[in-house]
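Undergrad:
Protein chains: 2
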Amino acid sequence: MKLINLYRCLSDVTRLRLINLLAQQPLCVCHFEALLRLPQTKISRHLGYLRRHGLVTTTQRGLWRIYALANPRPPALVANLRFLQNTSPEEPRLRRDLAKLTQLASQLDCDCPPIVPRRKFLHLAR
Amino acid sequence: MKLINLYRCLSDVTRLRLINLLAQQPLCVCHFEALLRLPQTKISRHLGYLRRHGLVTTTQRGLWRIYALANPRPPALVANLRFLQNTSPEEPRLRRDLAKLTQLASQLDCDCPPIVPRRKFLHLAR
DNA sequence: TTTATATATTTGCCAAGGCGAATATACTAA
DNA sequence: TTAGTATATTCGCCTTGGCAAATATATAAA
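Residue numbers (our numbering), protein chains in the order written: chain A, 417 to 542; chain B, 417 to 542.
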């Protein structure tokens with residue numbers, strides 16, 4: 417049952433935070449590092465999980481790997497994203513993540529993937 | 417994060433089938449045995465899981481324990497039930513379960529909990 | 001070619017949770 | 001009280017998937 421896999425993807429806090437952000441715009445691993453303040457290994461692992469289950473796709477661009485929600489989006493995902501977007505304002509963690517994303521948006525979308533090196537980017541994200 | 421627990425509840429085929437049926441009407445364990453053709457121990461285990469996580473409640477009536485979706489229903493559950501109801505027609509397993517429920521409905525709701533002994537009920541369900 | 005950066009995977013460990021079989025509990029009826 | 005029925009829990013076993021640390025790979029820059 418495909419549904420089950422979707423729910424498993426949503427059953428982890430880190431993955432839910434990733435999806436919540438990806439619903440806004442494509443992002444690469446170093447973005448997530450800055451936004452979520454989690455170790456790279458953890459972010460990559462969960463993005464890999466989502467990729468294996470068909471929820472996200474990647475495009476390589478230079479040194480960076482950009483993750484985006486799968487296109488076309490699985491119908492089950494669409495419905496749950498709609499729900500997630502209604503819910504995230506009430507979930508402090510998800511709300512803060514989105515706030516941080518808009519706060520950094522100018523630096524993110526002026527060069528996505530970022531041209532600045534990771535350390536410098538992390539510094540800006542402080 | 418409460419959401420995570422909801423998704424975990426939905427991440428198992430047996431539990432999804434139970435919830436799908438409970439969205440129609442309250443049922444007791446022997447109903448599920450007849451409808452799903454699964455061992456009692458498995459059904460009880462998963463209903464216990466759903467109860468511990470606040471998705472269902474029980475009322476005892478004689479020898480029978482009747483399960484129903486929690487009331488008031490958690491908002492996150494409501495949204496996902498709506499989605500589930502749109503989806504279940506496309507999921508053969510869930511669709512068949514619902515068909516079997518309507519097929520047996522007369523025998524179920526004439527005495528819910530059933531007055532007939534379990535064996536006899538199972539016989540009817542064949 | 002060497003070095004640094006960005007990302008992915010492997011390893012070893014651990015907890016959650018799946019299963020069937022057996023057993024316990026609770027209620028009913030005889 | 002005894003027997004039977006409905007449901008719940010425990011047990012031993014196994015798989016999934018969480019984590020951090022270490023390592024591998026791929027690209028870019030010097």
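Glycine is no exception: its CB is placed at the ideal position from the N, C-alpha and C atoms.
(1) Round the Cβ separation of A/ASN436 and A/LEU500 to the nearest angstrom and send it over; I've been treating them as touching at under 8 Å.
(2) With a 10 Å radius around its C-beta and 16 neighbouring C-beta atoms as the bar for buried, classify A/ALA521 as buried or exposed.
(3) Look at A/ILE459 and A/VAL445 and say whether their C-beta atoms are less than 7 Å apart.
(4) To test your reading of the DSSP string, which unbroken beta strand (DSSP E) runs of 3 or more residues are found completely within the segment 465-508 of chain A?
(5) For A/LEU517, which residues from the same chain have a beta carbon less than 7 Å from its beta carbon, with the 5 sequence-adjacent residues on both sides left out?
(6) Please name the residue, chosen from A/SER427, A/TRP480, A/SER504, A/LEU422, that lies closest to A/GLU449 on a Cα-to-Cα basis.
(7) In terms of residue numbering, what span does the alpha helix (DSSP H) encompassing A/ALA439 cover?
(8) Within 7 Å (strictly less), CB to CB, does A/LEU454 reach chain B?
(9) Determine, using beta carbons only, whether B/VAL429 comes closer than 7 Å to chain A.
(10) Specify the secondary structure class of B/LEU454 as computed by DSSP and reduced to three states.
(11) Ignore the nearest five residues each way along the sequence and tell me which others in B/LEU422's own chain have a CB closer than 6 Å to its CB.
(12) For A/LEU419, I'd like the list of residues in its chain whose CB is within less than 7 Å of its CB, leaving aside the five on either flank, ordered along the chain.
(13) Using DSSP's beta-bridge definition, name the partner residues of B/CYS446.
(14) Identify, in the order they occur along the chain, each residue of the same chain with its Cβ nearer than 6 Å to the Cβ of A/PRO548, setting aside the five sequence neighbours on each side.
(15) Given a limit of 7 Å on CB to CB distance, which residues of the segment 504-518 of chain A reach chain B?
(16) Is there at least one Cβ from chain B nearer than 7 Å to A/ALA495's Cβ?
(17) Look at A/CYS425 and A/HIS462 and say whether their C-beta atoms are less than 7 Å apart.
(18) CA-CA distance, A/THR561 and B/ARG509?
(19) What are the residues of the segment 431-444 of chain B that lie near chain A, defined by any Cβ-Cβ distance shorter than 8 Å?
(20) Got a sec: is the Cβ-Cβ distance from B/ILE420 to anything in chain A below 7 Å?
(21) In or out: A/ARG498 buried (at least 16 other Cβ within 10 Å) or exposed?
TA: According to the structure data:
(1) 6 Å
(2) exposed
(3) yes
(4) 472-477, 480-485
(5) LEU437, GLN440, LEU451
(6) A/TRP480
(7) No alpha helix (DSSP H) contains A/ALA439, which DSSP labels as neither H nor E.
(8) no
(9) yes
(10) coil
(11) ALA492
(12) ALA492
(13) BP columns for B/CYS446 are empty, so no partner.
(14) Not covered by the structure: residue 548 of chain A. The range shown for chain A is 417 to 542.
(15) GLU507, ARG509
(16) yes
(17) no
(18) Since the first residue of chain A shown is 417 and the last is 542, residue 561 of chain A is not available in this structure.
(19) LEU432
(20) yes
(21) exposed
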